[in-house]
Amino acid sequence: SLDLNALSLGEEEALHLGINTGKLRIRIFIIGSIIIASVVSFTGLIGFVGLVIPHIARLLVGPDHRIMLPASAFLGGIFLILCDVLARTVIAPTEIPIGAITAIVGAPLFIYLLRRKNK
27 SLDLNALSLG EEEALHLGIN TGKLRIRIFI IGSIIIASVV SFTGLIGFVG
77 LVIPHIARLL VGPDHRIMLP ASAFLGGIFL ILCDVLARTV IAPTEIPIGA
127 ITAIVGAPLF IYLLRRKNK
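Each residue of the sequence shown is one higher than the last, beginning at 27 in the numbering used here.
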């Protein structure tokens with residue numbers, strides 16, 4: 027996570043700090059791909075969680091990856107639990123797919139974050 031903090035300062039700064047950014051990016055890509063493939067194979071498509079929650083975590087706890095990564099995991103779990111409760115209770119006894127709920131809730135949040143960043 028210290029390497030990620032250095033990389034968030036910019037590639038040139040990370041290089042000055044002695045970090046092999048090419049190798050780091052490849053490692054992040056491979057590890058991220060394995061984790062994402064595992065999660066999707068077990069849970070199905072819940073893509074907005076991975077798009078929205080890290081941005082919310084950054085707003086809440088700051089840019090330090092040592093804190094932000096665990097906070098993202100915790101907030102993602104809480105978000106999915108809330109979406110699951112909604113999916114099971116909105117049209118009880120019928121259950122709405124959780125991916126639909128995450129998209130309905132996540133899309134407006136994601137649009138808000140995109141518009142906020144462009145200002």
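The beta carbon of each residue, even a glycine, is placed where N, CA and C say it ideally should be.
Remember, predicted model here, so these are calculated numbers, not experimental data.
### Task
With DSSP collapsed to three states, give me the class of Pro-134.
Pro-134: helix per DSSP, three-state reduction.
### Message
Given a cut-off of 7 angstroms on the beta-carbon distance, is the pair Ile-72 and Thr-128 in contact?
### Response
With a cutoff of 7 angstroms on beta-carbon distance, Ile-72 and Thr-128 are scored as near each other.
### Message
Does the structure place the region 73–89 close enough to the region 131–141 that three or more beta carbon pairs sit under 8 angstroms?
### Response
Contact holds: three or more Cβ-Cβ distances are below 8 angstroms.
### Message
According to DSSP, is Ala-118 part of a helix, a strand, or is it coil?
### Response
The three-state reading of DSSP puts Ala-118 in coil, since its state is none of H, G, I, E or B.
### Message
Going by DSSP, what residue range makes up the alpha helix (DSSP H) through Leu-43?
### Response
Where Leu-43 is concerned, there is no enclosing alpha helix (DSSP H), given that its DSSP letter is neither H nor E.
### Message
On a Cα-Cα basis, can you pick out the residue from Leu-28, Ala-113, Phe-55, Ser-64 that is closest to Val-45?
### Response
In the sequence on display, residue 45 carries Ile and not Val. Per the Cα distances, Leu-28.
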